[in-house]
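Engineer: Here it is, the structure, as structure tokens.
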Amino acid sequence: MKINARASQKIAKFLIWTAALLVIVVLFSIIIHILVKGIPMLRWQFLTDIPRDMGRSGGIASSIVGTLFVTAVAVIVATPFGIGTAIYLTEYTREGRVTRIIRFSAESLAGIPSIVYGLFGFIFFVIYLGMGWSILSGGLTMAIMILPTIIRTSEEAIRTVPQLYREVGFSLGATKWQAIIRTVLPSAIPGIVNGVILSIGRCVAETAAVILTAGSALRMPASLLSPTRTMAVHFYILAREGISMDNAYGTAALLIILILLINVGFNMLVNRFIAKGR
Amino acid sequence: MIQKSKMEIKELSFYYQQKQVIKGLNLEIPENRILAVFGPANSGITTLLRTLNRLSDLIVGVRQEGEILLDGKNIFDPDINMTELRRRVGMVFDVPTSLPMSIFDNVALGPRMGGMKAKRDLAEKVEKALRMSALWDEVKDRLNTPAARLSGGQQQRLCIARVLALEPEVILLDRPCSALDPISTAKIEESLMQLKEQYTIIIAPHTVQQAGRIADRVAFMLMGDLIEQGYTKEVFAFPKDNRTNDYLTGRFG
Amino acid sequence: MKGFKEKLSKHVFLLIALSTLSVLALITVFIFIKGVPIIAEVGIINFVFGMKWAPSQGAYGIFPMIVGSVSVTLGAAILGVPIAICCSIFLAEFAPAKLRNIFRPSIQLLAAIPSVVYGFWGVLFVVPMIRNYLGGPGLSILAGSIILGIMILPTIISITEVSLLALPRHYKDGALALGLTHWQTIRSLLLPAANSGIVAAIILGLGRAIGETMAVIMVLGNAVALPESVLDPVRTLTTNIGIEMGYASGEHQQALFATGIVLFVIIMILNATAQYITRKR
């Protein structure tokens, strides 16, 4: 019995370490493979030229711009709604039917597959509201997709602000609104920024929802109503249709680098905030 | 000497849900003096302080009876303006609570929320408040650095400055030195002694000795009852009630 | 004036907060409006259980895709869940602090990598490997399951880890004090106690798998037929939409929205179940 228990402990420990190691190996093999093959492609001309010959040659400048704008629209629209919802949930109401409904909605939105968002964005923004395949349609669709993330992270951030801060605000003669804006939010900012940055990452990485709403046009977008092809979509089309493996690798490498920067940059930003604030 | 009262507490009772934590308390708070309300933990002192500017309203499920008069006006009247009340009766908490922003912004917070916008006015207010709390010389060259970089004692003086910037009439201090070292404590006590010339101060001291050092009058509370009150020297030298005597001589937890 | 502003701000915030509900309602309404007519026309039984999908002939049966989605998702669960649970035990119980500080961000990174990159990696490595060592075209249920098995790891790991860490410390101390080994403690005490959290994590992971499109589009082969083995190509509900939305119009497009409805309903059921389980705790 005693030996048995120790043997099973050993086996279990071995399996658990193996699983963890396996995951790390897979993760890094994907990242390293893409970077090794793709980084040599990342020359100045690749980053600044627009795609030529369906992406066989030329660069990805229009896709970089498209990604930037779709992400910007999404974040600019979703952030105030997300923070507002979080403020309502934490400061203006007690747990009850209303909060349950709002939480249920947010969690449901979080679980909806991106292809369904794509369908919705297509029928609602592109067709019904007449925005066509455009940066705006894509950005608004992404805004809905990232809304739950921003709500959740902002809510967590606001909840961890000590009650004492609110009391300080009120004891200085704050109205409720002033207490929220001037004492609660400044302390919650690192957490809120975390959510926004995670969301930026999602926008950059998304394919299914944007291909159906922003389109796949290769030219440089001229306005928010121009169609565009984000980098992730461009990579998908290049890779799937075998147009140019080199350019596919280059685009993927840039995507991975961006994602890495976003994840690492986020940690640095938060650390800076914390060092500054507390 | 008959001293004018700034605040008067009449038959105040306070309940958390079913539990009564202040029991029919009567107390006069003299103007331009330091009143120390002391007693063992859970005597209702913090609650009493928080009732004086109605910060206690923030807690769900509380209820009070009786009156608290501020310059003769009951602060529980329905027409009372809460933000104005809290500006007139400022509060310093037991934990130094600097907000995550610069020293300047911490002190300017109250005036800003009161609607003051002009940079010059704000700068003037901040300097005046920091001078009064005896922090100015230590921070005047780094007003824009985060308040979190100050020491605990400095942070607590910052909190006092933040309240002073409101130009209140009454200042409540809830065990303001409980988290501080003796040197910081001495500095704060020194500034309180000067501040009382302009302000009415009510302090919950963290030790009986502190009450003895700075208070003009003291009130002893036990389990929500006011046991005894009077001039500090008289109460400390000749307590009328045995329980006060027991507490002062350390025969109480 | 101030009182009025305060009241107003409360209502404004309520309105903002209700935006989540209204968006959810909008999504539901628009997808159903677009997709329901074709289901009504074909008949719900014929649509869901129909074996033939041939839009040019007006045949809209999605049963092979339902089978495809379910089989790929189950495959992903079989491959991914044990590894995910091992990883969360590793994080919560075994990992030295230093390793944990590398491992946890790595898992976040795993979640942040674009799904198309996974698909691409699958085409380059997983598909040829299956073709060479196991036979068949390589583009297969197995390939999709492997890719999705990796992609659902972050969801399951993070939620499971949270529910393991949320357990009161004395559970573990008590068990260790009784002379149980660390592993016995985990298996007989911690895992059962975190049970509902783990189940919710798995359900959400399944939701992620069944909803994934771009990664699996590249490795599944996308044939509309009932698979006979895990080495056969399949098409899922999501890939059906992803492949054909680009050029579909009219009835065909409606049928893709109808496919979306089926997917949407499955996901909502999974979500509601997961939320119910977490809430009950």
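Chains as they are written, first to last, in my numbering: chain L, 1 to 278; chain F, 1001 to 1253; chain E, 2001 to 2281.
Glycine included, every Cβ here is placed at the ideal spot set by N, Cα and C.
Source: prediction; values computed, not measured.
Within 8 Å (strictly less), CB to CB, does L/Val-168 reach chain F?
Structural biologist: It does: the Cβ of L/Val-168 has a partner Cβ on chain F nearer than 8 Å.
Engineer: Which bits of chain F does L/Pro-186 rub up against, with CB to CB less than 7 Å?
Structural biologist: Those within 7 Å of L/Pro-186 in chain F are Leu-1099, Pro-1100 and Met-1101.
Engineer: Report yes if the C-beta distance between E/Ile-2085 and E/Val-2199 is below 8 Å; otherwise report no.
Structural biologist: No, these two residues do not count as a Cβ contact at 8 Å.
Engineer: In angstroms, rounded to a whole number, what distance separates the CA positions of E/Leu-2178 and F/Leu-1130?
Structural biologist: For E/Leu-2178 and F/Leu-1130, the distance between alpha carbons rounds to 59 Å.
Engineer: Can you give the Cα-Cα distance for L/Phe-156 and L/Ser-187, rounded to whole angstroms?
Structural biologist: Correcting the residue identity first, residue 156 of chain L is Glu in this sequence and not Phe. Cα to Cα, the separation comes out at about 12 Å.
Engineer: Consider the Cβ of L/Ala-78: report whether some Cβ of chain F lies at a distance smaller than 8 Å.
Structural biologist: No - not a single Cβ of chain F is within 8 Å of the one on L/Ala-78.
Engineer: Is it the case that the Cβ atoms of F/Thr-1200 and F/Glu-1228 are separated by a distance below 8 Å?
Structural biologist: Cβ distance not < 8 Å, so F/Thr-1200 and F/Glu-1228 don't count as in contact.
Engineer: Should L/Leu-224 and L/Val-73 be called a contact, given that it needs their Cβ atoms to be closer than 8 Å?
Structural biologist: Yes, Cβ-Cβ distance for L/Leu-224 and L/Val-73 is below 8 Å.
Engineer: Which residues, in order along the region 238 to 251 of chain L, keep a beta-carbon less than 8 Å from a beta-carbon of chain E?
Structural biologist: Hits within the stretch, in order: Ala-239, Arg-240 and Ala-248.
Engineer: Please confirm whether F/Met-1116 has its beta-carbon closer than 8 Å to some beta-carbon of chain L.
Structural biologist: It does not; no Cβ of chain L falls within 8 Å.
Engineer: Roughly how many angstroms lie between the CA atoms of E/Gly-2138 and E/Thr-2028, to the nearest whole one?
Structural biologist: Cα to Cα, the separation comes out at about 37 Å.
Engineer: What are the uninterrupted segments assigned as beta strand (DSSP E) that are 3 or more residues long and contained completely in the region 2076 to 2104 of chain E, given in chain order?
Structural biologist: Whole beta strand (DSSP E) segments, 3+ residues: zero.
Engineer: Taking C-alpha atoms, which residue in F/Glu-1031, F/Phe-1093 and F/Ala-1123 lies nearest to L/Tyr-165?
Structural biologist: Looking at the Cα atoms, F/Phe-1093 is the closest of the given residues.
Engineer: Are E/Ile-2089 and L/Ile-127 closer than 8 Å when you measure CB to CB?
Structural biologist: Not in contact: E/Ile-2089 and L/Ile-127 (Cβ atoms no closer than 8 Å).
Engineer: Exposed or buried, what is F/Val-1139 when buried is set at 16 or more other beta-carbons lying within 10 Å of its beta-carbon?
Structural biologist: So F/Val-1139 ends up on the buried side.
Engineer: Could you tell me the distance, in whole angstroms, from the CA atom of E/Ala-2215 to the CA atom of L/Glu-95?
Structural biologist: Cα-Cα distance, rounded: 39 Å.
Engineer: According to the neighbour-count rule (16 or more other Cβ atoms, all chains shown, within 10 Å of its Cβ), is E/Ser-2056 buried or exposed?
Structural biologist: E/Ser-2056 comes out exposed.
Engineer: To be precise: take each residue of the region 1032 to 1052 of chain F, compare its Cβ to all Cβ atoms of chain L, and keep it if any distance is under 9 Å. Which residues remain?
Structural biologist: The residues in question are Arg-1050.
Engineer: Using a Cβ cut-off of 9 Å, which residues of the region 1075 to 1092 of chain F contact any Cβ in chain L, in chain order?
Structural biologist: Those residues of the region 1075 to 1092 of chain F that come within reach of chain L (Cβ to Cβ, closer than 9 Å) are Met-1082, Thr-1083, Glu-1084, Leu-1085, Arg-1086, Arg-1087, Arg-1088, Val-1089, Gly-1090, Met-1091 and Val-1092.
Engineer: So, helix, strand or coil for F/Tyr-1016, using DSSP?
Structural biologist: F/Tyr-1016 falls in the strand class under three-state DSSP.
Engineer: Leaving out five residues on either side along the sequence, give the residues of the same chain with a beta carbon under 7 Å from the beta carbon of F/Ala-1219.
Structural biologist: Same-chain partners within the cutoff: Leu-1027, Leu-1035, Val-1037, Leu-1226 and Gln-1229.
Engineer: Would you kindly check if the distance between the Cβ of L/Thr-213 and the Cβ of L/Gly-138 is under 8 Å?
Structural biologist: Taking 8 Å as the Cβ cut-off, L/Gly-138 and L/Thr-213 qualify as a contacting pair.
Engineer: For L/Leu-89, which residues from the same chain have a beta carbon less than 7 Å from its beta carbon, with the 5 sequence-adjacent residues on both sides left out?
Structural biologist: Once the five neighbours on either side are set aside, the close Cβ partners of L/Leu-89 are Thr-99, Ile-102 and Glu-155.
Engineer: How would you list, in chain order, the residues of chain F whose beta-carbon sits under 8 Å from the beta-carbon of L/Thr-183?
Structural biologist: Those within 8 Å of L/Thr-183 in chain F are Leu-1099 and Leu-1109.
Engineer: In or out: F/Met-1007 buried (at least 16 other Cβ within 10 Å) or exposed?
Structural biologist: Buried, by the Cβ-count rule.
Engineer: Check the C-beta distance from L/Gly-173 over to F/Thr-1083 and give it rounded, since I have them as a contact under 8 Å.
Structural biologist: Rounded, the Cβ-Cβ distance is 4 Å, consistent with contact.
Engineer: Quick one, which of E/Leu-2226, E/Glu-2244, E/Leu-2256 and E/Gln-2254 has its alpha-carbon nearest E/Val-2070's?
Structural biologist: Nearest of E/Leu-2226, E/Glu-2244, E/Leu-2256 and E/Gln-2254 to E/Val-2070, Cα basis: E/Leu-2226.
Engineer: Quick check on DSSP: helix, strand or coil for L/Ile-259?
Structural biologist: If DSSP states are grouped into helix, strand and coil, L/Ile-259 belongs with the helices.
Engineer: Between L/Thr-175 and chain F, is the shortest Cβ-Cβ distance under 8 Å, so that the two count as touching?
Structural biologist: For L/Thr-175, the answer is yes, since a Cβ of chain F falls inside 8 Å of its Cβ.
Engineer: Kindly list, in the order they appear in chain L, the residues whose Cβ is closer than 7 Å to that of F/Leu-1166.
Structural biologist: What F/Leu-1166 touches in chain L: Leu-172 and Gly-173.
Engineer: Can a CB atom of chain L be found closer than 8 Å to the CB of E/Met-2001?
Structural biologist: Unreliable positioning characterises E/Met-2001 in this predicted model, as indicated by a pLDDT of 48, which lies under 50. The coordinate reading is nonetheless provided below. E/Met-2001 does not count as touching chain L.
Engineer: Residues in the region 76 to 109 of chain L with C-beta within 7 Å of chain E's C-beta atoms, listed in sequence order?
Structural biologist: The residues in question are Phe-81, Gly-84, Thr-85, Ile-87, Tyr-88, Leu-89, Tyr-92, Ile-101, Ile-102, Phe-104, Ser-105, Ala-106, Glu-107, Ser-108 and Leu-109.
Engineer: So, with DSSP's three-state summary, where would you put L/Trp-133?
Structural biologist: Correct three-state label for L/Trp-133: coil.
Engineer: Can you find a CB in chain F that lies within less than 8 Å of the CB of L/Leu-258?
Structural biologist: Not an interface residue.
Engineer: Would you check if the region 2053 to 2067 of chain E and the region 2120 to 2131 of chain E touch, i.e. whether three or more CB-CB distances between them fall below 8 Å?
Structural biologist: Short answer: they don't touch.
Engineer: Nearest to F/Glu-1031 by alpha carbon, out of F/Gly-1212, F/Glu-1197, F/Asn-1242 and F/Ala-1237?
Structural biologist: Selected option, being the one with the closest Cα: F/Glu-1197.
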